[in-house]
Amino acid sequence: MDMTQERLSTGKKVNSAIDNPSSYYTAQSLNNRASDLSALLDSMGQAVQTIKAANEGIETITSFAEQAKAVANTALDTSDSEQISSSQKQFNDLLKQIDQLANDSGYKGVNLLDGDELTVTFNEGRTSSITIQGEKADSASLGLTEATNWDEESTAAADAKTALDDAKAYDITTDRDVQTAKTAYDQEVAKRVDGDNPTEDELANEAPLKAALEEKTAAAQAKKDADVAEKQAAYDAAAKADIKANKTKITDSIKQVETAINTLRSMASTYGNNYSIVQNRQEFTDGLIDVLTEGADNLTLADMNEESANMLALQTRQQLAINSLSLASQASQAVLKLF
Numbered sequence: 189m190d191m192t193q194e195r196l197s198t199g200k201k202v203n204s205a206i207d208n209p210s211s212y213y214t215a216q217s218l219n220n221r222a223s224d225l226s227a228l229l230d231s232m233g234q235a236v237q238t239i240k241a242a243n244e245g246i247e248t249i250t251s252f253a254e255q256a257k258a259v260a261n262t263a264l265d266t267s268d269s270e271q272i273s274s275s276q277k278q279f280n281d282l283l284k285q286i287d288q289l290a291n292d293s294g295y296k297g298v299n300l301l302d303g304d305e306l307t308v309t310f311n312e313g314r315t316s317s318i319t320i321q322g323e324k325a326d327s328a329s330l331g332l333t334e335a336t337n338w339d340e341e342s343t344a345a346a347d348a349k350t351a352l353d354d355a356k357a358y359d360i361t362t363d364r365d366v367q368t369a370k371t372a373y374d375q376e377v378a379k380r381v382d383g384d385n386p387t388e389d390e391l392a393n394e395a396p397l398k399a400a401l402e403e404k405t406a407a408a409q410a411k412k413d414a415d416v417a418e419k420q421a422a423y424d425a426a427a428k429a430d431i432k433a434n435k436t437k438i439t440d441s442i443k444q445v446e447t448a449i450n451t452l453r454s455m456a457s458t459y460g461n462n463y464s465i466v467q468n469r470q471e472f473t474d475g476l477i478d479v480l481t482e483g484a485d486n487l488t489l490a491d492m493n494e495e496s497a498n499m500l501a502l503q504t505r506q507q508l509a510i511n512s513l514s515l516a517s518q519a520s521q522a523v524l525k526l527f
């Protein structure tokens, strides 16, 4: 009865090695393994979170990279200096965001996007594991460089612009031939007796000098126009070369971003595969723990219905024995009374 009471109180049919050495030690081994795996299961869960943090970081960094590409394309499609300058600033701001995000994608001190290594153990003997080698995902590691001089003016273009401005500002009245002709004409006009009312003779004397002045002035203007046209052509050529060079810089930035996006997609695929592996092993381990625990229970747990029935039978037997003894005692006393 004591054994049955113990089984009913503990719920186990094997409470010590004395009860059943084989079942007791086998169950203990199964429970120990389940306990060890349970500790590893927690570690796997944390590893899953670490990989998820890296995946989240990659997704957002990829989004920033795609945005940077769009900004660069906007600059590529315009000739507006202010727009290009604004796009360049936006591009560089996005690179800073990529750097900050890569730095913020760690979990419990492990940041795969900063190149940290993560080892996940799957069994209690530590013979089954996976090592995940992180990759840096900051802008420099992705091959992205800060955008500079997307709207740069070369020295040649600046010099050509200065020469063009000077040509346009040239005052033809300072031309030597014009000044000489004007001086001769002004001197002849100064000979008039009545300045505002020249005579026919005076006008006749002035006419060739006036014609010479007009001729020299027209020649000087033609010379200026030709010089402006020449300087304009030189500036246009230099500016065109600058545009081509600047477009090349922007295109190079776009190519860098495209390469970075491909790298990020490859990283996402790798981490996604690792995430799947760890998650599957986590689910397997969780199920295995249940199997081990159930196996241990099968060896040690008591059938409560059976034990209750046994207890009832024992109690009934005990009661019957007590009743029998009581009846026997009463019979003995009755016999003694006869004497």
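Numbers 189 to 527, taken from our numbering, label the letters of the sequence shown in order. A virtual CB, placed ideally from N, CA and C, is assigned to each residue, including glycine. Computed from a predicted model, the values in this text were never measured in an experiment.
Within 10 angstroms of the Cβ of residue i, are there 16 or more other Cβ atoms? Answer buried if so, exposed if not.
{"i": "threonine 361", "result": "exposed"}
{"i": "aspartate 190", "result": "Its pLDDT being 47, under 50, aspartate 190 is placed unreliably in this model, and the value from its coordinates should be taken loosely. Exposed."}
{"i": "serine 267", "result": "exposed"}
{"i": "arginine 195", "result": "Only weak support is given to the placement of arginine 195: the predicted model assigns it a pLDDT of 49, under 50, and the value that follows is read from those uncertain coordinates. Buried, by the Cβ-count rule."}
{"i": "arginine 469", "result": "buried"}
{"i": "isoleucine 286", "result": "buried"}
{"i": "serine 275", "result": "buried"}
{"i": "aspartate 430", "result": "buried"}
{"i": "lysine 404", "result": "buried"}
{"i": "asparagine 385", "result": "exposed"}
{"i": "valine 381", "result": "exposed"}
{"i": "alanine 406", "result": "exposed"}
{"i": "valine 366", "result": "buried"}
{"i": "alanine 260", "result": "buried"}
Given a cut-off of 8 Å on the beta-carbon distance, is the pair residue i and residue j in contact?
{"i": "isoleucine 438", "j": "alanine 253", "result": "no"}
{"i": "tryptophan 338", "j": "isoleucine 272", "result": "yes"}
{"i": "methionine 232", "j": "threonine 458", "result": "no"}
{"i": "valine 466", "j": "alanine 235", "result": "yes"}
{"i": "leucine 218", "j": "glycine 245", "result": "no"}
{"i": "alanine 325", "j": "isoleucine 249", "result": "yes"}
{"i": "aspartate 224", "j": "glutamate 312", "result": "yes"}
{"i": "alanine 328", "j": "glycine 294", "result": "no"}
{"i": "threonine 214", "j": "leucine 487", "result": "yes"}
{"i": "isoleucine 318", "j": "asparagine 462", "result": "yes"}
{"i": "leucine 391", "j": "lysine 370", "result": "no"}
{"i": "glutamate 446", "j": "lysine 257", "result": "yes"}
{"i": "valine 298", "j": "threonine 343", "result": "no"}
{"i": "lysine 188", "j": "tyrosine 358", "result": "Outside the shown range of the chain (189 to 527) lies residue 188, about which nothing can therefore be said."}
Under 8 Å by Cβ, that's how I've got residue i and residue j pegged, so tell me the actual separation to the nearest angstrom.
{"i": "leucine 283", "j": "glutamate 334", "result": "6 Å"}
{"i": "alanine 351", "j": "lysine 419", "result": "5 Å"}
{"i": "isoleucine 320", "j": "leucine 306", "result": "4 Å"}
{"i": "glycine 331", "j": "glutamine 444", "result": "6 Å"}
{"i": "leucine 228", "j": "threonine 309", "result": "6 Å"}
Give the secondary structure of residue i by DSSP, where H, G and I count as helix, E and B as strand, and everything else as coil.
{"i": "leucine 306", "result": "strand"}
{"i": "serine 211", "result": "helix"}
{"i": "threonine 387", "result": "coil"}
{"i": "tyrosine 373", "result": "helix"}
{"i": "alanine 406", "result": "helix"}
{"i": "serine 317", "result": "strand"}
{"i": "tyrosine 295", "result": "strand"}
{"i": "glutamate 446", "result": "helix"}
{"i": "glutamate 312", "result": "coil"}
{"i": "glycine 322", "result": "coil"}
{"i": "tyrosine 459", "result": "helix"}
{"i": "threonine 343", "result": "helix"}
{"i": "glycine 245", "result": "helix"}
{"i": "serine 329", "result": "coil"}
{"i": "valine 381", "result": "coil"}
{"i": "threonine 336", "result": "coil"}
{"i": "threonine 266", "result": "coil"}
{"i": "tyrosine 358", "result": "coil"}
{"i": "methionine 189", "result": "Only weak support is given to the placement of methionine 189: the predicted model assigns it a pLDDT of 48, under 50, and the question is left unresolved by the model."}
{"i": "aspartate 224", "result": "helix"}
{"i": "aspartate 365", "result": "helix"}
Looking only at its own chain, which residues have a Cβ that is under 8 Å from the Cβ of residue i, when we skip the five neighbours before and after it?
{"i": "threonine 481", "result": "Leu218, Asn219, Ala222"}
{"i": "alanine 154", "result": "Here the chain covers residues 189 to 527 and nothing more, so residue 154 does not appear."}
{"i": "alanine 378", "result": "none"}
{"i": "alanine 414", "result": "none"}
Quick one: residues in its chain with C-beta nearer than 7 Å to the C-beta of residue i, no 5 flanking neighbours on either side, listed in chain order?
{"i": "glutamate 376", "result": "Asn393, Glu394, Leu397"}
Report all residues from its chain with a CB closer than 6 Å to the CB of residue i; omit the five preceding and five following residues, and keep chain order.
{"i": "alanine 348", "result": "Ala422, Tyr423, Ala426"}
{"i": "aspartate 363", "result": "Ala408"}
{"i": "aspartate 491", "result": "Its pLDDT being 48, under 50, aspartate 491 is placed unreliably in this model, and the coordinates cannot settle the point."}
{"i": "asparagine 280", "result": "Glu334, Ala335"}
{"i": "valine 416", "result": "Ala355, Lys356"}
{"i": "alanine 484", "result": "Ala215, Leu218, Asn219"}
{"i": "serine 269", "result": "Asp339"}
With 8 Å as the threshold, decide whether the Cβ of residue i is near any Cβ in chain B.
{"i": "glycine 303", "result": "Annotation note: the requested chain B is absent from the structure, which comprises a single protein chain."}
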